[in-house]
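Asker: Dropping a structure here in C-alpha cells format, bear with me for questions.
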C-alpha cells in the first residue's frame, strides 16, 4: 500500500494544446464496454463529486437500461469553497473530455455533454472539444444546481431544481434517456484508467480507497489553492503545502461536510477513516478554521447561506433550514438558552432524509458536526463568552 | 416483496391527510409535513395497513404519495 502525498496525475495538464496533451498522456484507446468497465471496477474508482458512489455501478446501470444513454460530465461546482473542477478544466480540459469520450464510445451514447457551471470559464473546454463529438453546456445555478436531477432538469430546459429521485436518472434522465452523470474529475480519472489500467491506478492510494483526488484548500492558510494527493494521505500532509495558520479544525467535504479537530490532522483521507467524524472526502474541500474565527458564528453564516440555497420545493428543507440558521445565530450571539443545542440537534435530525435531494441531509450533517466538535465552545457561549474572542494571555476578559 | 410508502417532497405541501389516515406509520413535524415513525426514509407498510395506505395515496390532494413494491 503506497500513499505518497504528492502525485500529479491530473494537475500536470497541458492546457488546450491537443498535441502536447497526447505527448503527455499518449493516445486515447478505443475500448468497448466490458474492458472499460473491468478497468474502472478493478481500479475501484469512486465519484469525485461528493457522494463517492462506485463509478462502475453507475456505468453498469446505464448500460443495462435498454436505450441509448446520455453521458454528462458534471462541472457545475456549486459548492462555493470548491475550485477543483475549475482548475482541472483550466489546466487539463482534454483529460476530462477524454473520459467523456471513452465512456460515450463504449456506451454508444446518443449525446455526451460537459455541463460547466456559471463560475467556470467554458472557453478551454470549448477549445478542447473541437474535433470531438461532444457538447459543452455553460449553465446557470447555485448550490443545488449540480445535484444530478437538477442538472438533468436544466439540460432538458426545465428549472434547475432537484426532482423526486424515485425514478433514477440512470433509468430516465436527459431526454428521458438513461443518463450517466459523472463529476468532471471522475471523468478525468476514467480517462487515466482507460489508458493505463487498474494496477497503475492503484499505485497511488490505499487498497480500500485507491487513486488520487483533487483537494481545494481554503480558509486560514497562507496559500489557498487546489492540490492533488493520493487517497489515504494524512489530512495534515494534504494541507502542509498550503501552510495552515493557527488551525483549530478543518471542515472536510465543504458546507455539507463535517469537522475534523486540528488535534487529529493525522487522520487519513479515506472513507473508512473519516467515518468516525461523519465526514467524507466528498468533493475534496478542506476549509481550515483559524483560532480567531468563532466556529458557531461561522456555522450560523454557512447555515444562512444553505437555507438561502434551498430550491424551496420540499417543506422540511424550506422550513427547517432557516430554523437551524436562526438558532445557530442565537447561540453565536450569546443567547444563554441551555435548550438551544438540543433544539438545533432535534431539528438537524428532523430534516434528514426528508427531501428530494441531499441538501437537508448535508446541512444537518454540518450543523450536527459543529455542535459535536465544538461542544466546549458551545458550553462557553451558554456561559456568556466566546473562546475565539479571548486571547490566551488575557484570560476571560472580553 | 415489501410494500413501501414514498413521499415526493417536491409535491407535498403538508396537507396532513396521510398522517391522519396512517397514524401508526406517519406523524407530522413542526411544520405539518409527514414524518415516518420508524425513521425509515420510505416506511415499510405492513399487510394490514395496505388498504389504508392505498386510501391515503388516493386522498393526497397533491398526489405526492406512492405505494410501491421494494425488494426488501
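Protein chains in written order, with my numbering: chain A, 266 to 663; chain B, 93 to 164. Glycine residues also receive a C-beta, built at the ideal position from the N, C-alpha and C atoms. Note that the coordinates shown come from a computational prediction; the quantities given were computed from them, not determined experimentally.
Among residues of its own chain, excluding the 5 on either side of residue 306(A), which ones have a beta-carbon nearer than 6 Å to its beta-carbon?
Answerer: Translated into the one-based positions of the first chain, residue 306(A) becomes position 41. These residues qualify, in order along the chain: 321.
Asker: Just to confirm my understanding: we take residue 610(A), look at its own chain, exclude 5 residues before and 5 after, and list those with CB closer than 8 Å. What are they?
Answerer: Position 345 of the first chain holds residue 610(A). If we look at residue 610(A) and ignore the five residues flanking it on each side, its Cβ neighbours are 633, 636.
Asker: Work out the CA separation of residue 553(A) and residue 486(A) for me, nearest whole Å.
Answerer: Translated into the one-based positions of the first chain, residue 486(A) becomes position 221. Translated into the one-based positions of the first chain, residue 553(A) becomes position 288. In a straight line, the C-alpha of residue 486(A) is about 7 Å away from that of residue 553(A).
Asker: So is residue 107(B) in contact with chain A if we call contact Cβ pairs under 7 Å?
Answerer: As a working mapping, residue 107(B) is identified with position 15 in the second chain. It does not: the Cβ of residue 107(B) has no partner Cβ on chain A nearer than 7 Å.
Asker: If we cut at 7 Å on Cβ distances, does residue 102(B) have a partner in chain A?
Answerer: Position 10 of the second chain, counting from 1, holds the residue named residue 102(B). Answer yes: the Cβ-Cβ gap between residue 102(B) and chain A drops below 7 Å somewhere.
Asker: So the alpha helix (DSSP H) residue 561(A) belongs to, where does it begin and stop?
Answerer: Taking the first chain and counting its residues from 1, the one referred to as residue 561(A) is at position 296. Element bounds for residue 561(A): 560 to 573.
Asker: Anyone know if the C-beta pair for residue 621(A) and residue 94(B) falls short of 7 Å?
Answerer: Residue mapping note: residue 621(A) aligns to position 356 of the first chain, counting from 1. Residue mapping note: residue 94(B) aligns to position 2 of the second chain, counting from 1. Contact flag unset, no.
Asker: Can you tell me whether residue 423(A) is helix, strand or coil according to DSSP?
Answerer: Mapped onto the first chain, residue 423(A) falls at position 158. Three-state result, residue 423(A): coil.
Asker: Can you give the Cα-Cα distance for residue 659(A) and residue 653(A), rounded to whole angstroms?
Answerer: The count along the first chain starts at 1 and reaches residue 659(A) at position 394. The count along the first chain starts at 1 and reaches residue 653(A) at position 388. Caution is warranted here: a pLDDT of 46 is assigned to residue 659(A), below 50, making its placement in the model unreliable, and no coordinate value can be reported.
Asker: Of the residues 345(A), 638(A), 566(A), which one's Cα is nearest the Cα of residue 411(A)?
Answerer: The sequence position of residue 411(A) within the first chain is 146, counting from 1. Ranking the options by Cα distance to residue 411(A), first place goes to 345(A).
Asker: Give the residues of chain B in contact with residue 581(A), contact being defined as C-beta atoms less than 8 Å apart.
Answerer: Indexing the first chain from 1 puts residue 581(A) at position 316. 101, 121, 123, 125, listed in chain order.
Asker: For residue 116(B), decide whether its Cβ has a neighbour in chain A, counting only Cβ atoms nearer than 7 Å.
Answerer: Stepping through the second chain from its first residue, residue 116(B) is reached at position 24. Not an interface residue.
Asker: If you reduce the DSSP assignment to three classes, tell me which class residue 445(A) lands in.
Answerer: Looking up residue 445(A) in the first chain gives position 180. Looking at residue 445(A) - three-state DSSP - the assignment turns out to be strand.
Asker: Could one say the Cβ of residue 98(B) lies closer than 7 Å to chain A's Cβ atoms, at least one of them?
Answerer: As a position in the second chain, residue 98(B) is number 6, starting the count at 1. Chain A contact via Cβ: present.
Asker: List the residues of chain B that residue 621(A) touches, going by C-beta distances under 9 Å, in chain order.
Answerer: In the first chain, residue 621(A) corresponds to position 356, counting from 1. What residue 621(A) touches in chain B: 100, 101, 102.
Asker: Taking the straight line between their C-alpha atoms, what separation do you get for residue 266(A) and residue 471(A)?
Answerer: Here residue 266(A) corresponds to residue number 1 of the first chain, with the count starting at 1. Here residue 471(A) corresponds to residue number 206 of the first chain, with the count starting at 1. Because residue 266(A) sits at a pLDDT of 37, beneath the cut-off of 50, its placement in the model cannot be relied upon, and the point is left open.
Asker: Going by other Cβ atoms of all chains shown within 10 Å of its Cβ, with 16 needed for buried, is residue 628(A) buried or exposed?
Answerer: Position 363 of the first chain holds residue 628(A). Result: buried.
Asker: Output yes or no for whether 7 Å exceeds the beta carbon distance between residue 273(A) and residue 502(A).
Answerer: In the first chain, residue 273(A) corresponds to position 8, counting from 1. In the first chain, residue 502(A) corresponds to position 237, counting from 1. No.
Asker: Using the rule of at least 16 other Cβ atoms within 10 Å of the residue's Cβ for burial, across every protein chain shown, is residue 431(A) buried or exposed?
Answerer: Here residue 431(A) refers to the residue found at position 166 when the first chain is read from its first residue. Answer is exposed; the Cβ neighbour count stays below 16.
Asker: Spatial neighbours of residue 317(A) within its chain, please: C-beta separation below 8 Å, excluding the five flanking residues on both sides.
Answerer: Taking the first chain and counting its residues from 1, the one referred to as residue 317(A) is at position 52. Taken in chain order, the residues that qualify are 311, 536, 545, 546, 547.
Asker: Taking the DSSP output, what are the residues bridged to residue 482(A)?
Answerer: Translated into positions along the first chain, residue 482(A) becomes position 217. Paired residue(s): 490(A), 551(A).
Asker: Less than 6 Å between C-beta atoms, sequence neighbours within five positions excluded: which residues of the same chain meet that for residue 415(A)?
Answerer: For the purposes of this step, residue 415(A) is taken as residue 150 along the first chain, with counting starting at 1. Excluding positions up to five away in sequence, the list reads 409, 425, 426, 427.
Asker: Who are the near neighbours of residue 107(B) in its chain, counting only those whose CB is closer than 6 Å to its CB and skipping five residues on each side?
Answerer: By one-based count along the second chain, residue 107(B) stands at place 15. Excluding positions up to five away in sequence, the list reads 153.
Asker: Using a C-beta cutoff of 7 Å, does residue 429(A) count as contacting chain B?
Answerer: Here the question's residue 429(A) lines up with position 164 in the first chain. By this cut-off, residue 429(A) is an interface position.
Asker: What separation, rounded to the nearest whole angstrom, lies between the Cα atoms of residue 541(A) and residue 375(A)?
Answerer: Your numbering for residue 541(A) matches position 276 in the first chain. Your numbering for residue 375(A) matches position 110 in the first chain. When rounded, the distance between both Cα atoms is 42 Å.
Asker: Give the DSSP-derived three-state secondary structure of residue 269(A) in the structure shown.
Answerer: Here residue 269(A) is taken as the residue at index 4 of the first chain, counted from 1. Reliability fails at residue 269(A), whose pLDDT of 48 lies under 50, so the model's placement of it is uncertain and no value is given.
Asker: DSSP on residue 311(A), reduced to helix/strand/coil?
Answerer: What you label residue 311(A) is simply residue 46 of the first chain in a count that begins at 1. Strand.
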